[in-house]
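Those letters in the sequence shown? Residues 1 to 377, by full-length UniProt numbering. Glycine included, C-beta positions come from ideal geometry on N, C-alpha and C. Remember, predicted model here, so these are calculated numbers, not experimental data. Here is the structure we will look at.
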Amino acid sequence: MLRARRIALALLVLVLVPGLGWGIYLLALAGELSSLGYHSDSECHRVEGVIGPEDMAFTRASGMPEGGAFVSSDDRRATVAGEPVRGAIHYYSLTTGISTVYEASGDEPALFHPHGIGLTPASAKQERLFVVNHPRESLFGPNDDSDGPGHTIEVFDVIGEGGVVRLAHDRTIADPLLVSPNDVAPVDEERFYVTNDHLAQTKLGHKLEEYGRLARGHVLYWDGANFSVVARDIHFANGIAVSHDGATVYVASVTDARIHVFSRDAASGALTRRETLPVRGPDNITISEDGALWVGAHPKLLTFRGYSKDPAKRSPSQVFRLERSEAGAWHTENVMLSDGSDISGSSVALGLGEGRFLVGSVFDAWLLDCWRGADSE
């Protein structure tokens, strides 16, 4: 009897000790064990009138020298609650403020829940906005294609004259390989990259990938007619961006605390992994006109998960700026680290030049317009 108890105790220890170690490892990787020194040298103000500004893209389509930003907007809490509200793409003029340029009501696509967005490069003859759309599911839920595709890429022509900007829907792209699309990065009017943050298509499968540290995220390439997988084995492939010269692709791995850097073959679209950049909790990546990477990040991922379920639980926000020197060395600047009281769960930062930048989030009903060089506290 005593021997049996000892064996049982030994087996219990063998199970609990590795489990405890794994739990501590996950907490550390998620940033939950880190002590954050909140700071900002920027003066920021809220821009109301847009809910869930998860991603942004800078444009000069208005013909105005200041330009503006397209903002992906969706009330994700309403969708999770089973009462979805049509999402929208907003245009934020850097001189006049928020205005809606596209809403799904009465137009195609009839079901519109935008996620990541990307604009064609400046060299494109026709500026187009590419949008990840989840017409039949919540942001964190599984695909449901019983009544149509659960995920699509929507393509819009950008039309701007005399300060007025609008979007004209051009086409919808659907494919079985779009299992869990997160962000999109076009290279011209027809071709683009898109990340799948998971491979599983069930909630249980998503949790197993995340907490089991299964690197099943990947990158797809659309060549104008078909999708192909061009990068694999990425933990939660999130934001994606293409350098201005089209030679480099950046992919954020939010749960692996890094950005993957790929060399791109322009003819085939093939990607070759070149290096990784350590960045805590990276979500979307944007590239400013000077070539710097701007990253909206989640310094505490499990806190963000709690905030996604309860808006009363604020989640810290962080903004990084990464710049590569002529010698090839990367410099990472911690631009802003907030406790979430100004904006919670930051998902995107958009550098506008001359010290100005925007910050968006997954759930809040506003974005931040910030100027660097002033103490905001």
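>> With a threshold of 6 Å on Cβ separation, who are the neighbours of PRO142 within its own chain once the five nearest residues in sequence on each side are excluded?
In response: Any reading at PRO142 needs caution, since the residue's pLDDT is 49, under 50, leaving its predicted position unreliable; the model's value is listed next. Excluding positions up to five away in sequence, the list reads GLN201, THR202, LYS203.
> Taking C-alpha atoms, which residue in ASP339, VAL229, SER253, ARG321 lies nearest to THR332?
Replying inline: Among ASP339, VAL229, SER253, ARG321, the Cα nearest to that of THR332 belongs to ARG321.
> If we ignore side chains and look at the alpha-carbon of each, how far apart do ILE343 and ARG280 end up?
Replying inline: 18 Å
> Apart from the five residues just before and just after LEU119, which ones in its own chain have a Cβ nearer than 8 Å to its Cβ?
Replying inline: ALA57, PHE58, THR59, PHE70, GLU127, ARG128, LEU129, PHE130, VAL158, PRO186
> DSSP state of TRP371, grouped into three classes?
Replying inline: Correct three-state label for TRP371: strand.
> Relative to the C-alpha of GLY63, which residue among GLU210, GLU161, VAL50, PRO316 is closest?
Replying inline: GLU161
>> Whole angstroms are fine: how far does the CA of THR255 sit from the CA of GLU210?
In response: 8 Å
> How close, in whole Å, do the beta carbons of THR272 and PHE262 come, if the pair is a contact with beta carbons under 8 Å?
Replying inline: 6 Å
> Between which two residues does the alpha helix (DSSP H) harbouring SER308 extend?
Replying inline: Per DSSP, SER308 belongs to the alpha helix (DSSP H) from 301-309.
>> Can you tell me whether GLY52 is helix, strand or coil according to DSSP?
In response: coil
> Can you pull the DSSP bridge partners for ASP41?
Replying inline: Its beta-bridge partners do not exist; DSSP assigns none.
> Are the beta-carbon atoms of ALA266 and ALA237 separated by less than 9 Å?
Replying inline: Taking 9 Å as the cut-off, the beta carbon of ALA266 is found no closer than this to the beta carbon of ALA237.
> So what does PHE58 bridge to, in DSSP terms?
Replying inline: ALA69
>> For the beta strand (DSSP E) containing VAL362, name the first residue and the last one.
In response: Note, VAL362: premise wrong, no beta strand (DSSP E); not H, not E.
> Based on Cα-Cα distance, which residue from ILE259, GLU289, LEU199, TYR38 lies nearest to TRP330?
Replying inline: ILE259
>> Please return the same chain residues whose Cβ sits closer than 7 Å to the Cβ of residue 378, not counting the five positions on each side in sequence.
In response: It is not possible to answer for residue 378, since the shown part of the chain is limited to 1 through 377.
> So, is VAL362 buried or exposed, given that buried needs 16 or more other C-beta atoms within 10 angstroms?
Replying inline: buried
> Where does the unbroken beta strand (DSSP E) through VAL279 begin, and where does it stop?
Replying inline: Neither: VAL279 is in no beta strand (DSSP E) and is coded neither H nor E.
> For GLU83, which three-state DSSP category applies?
Replying inline: Coil.
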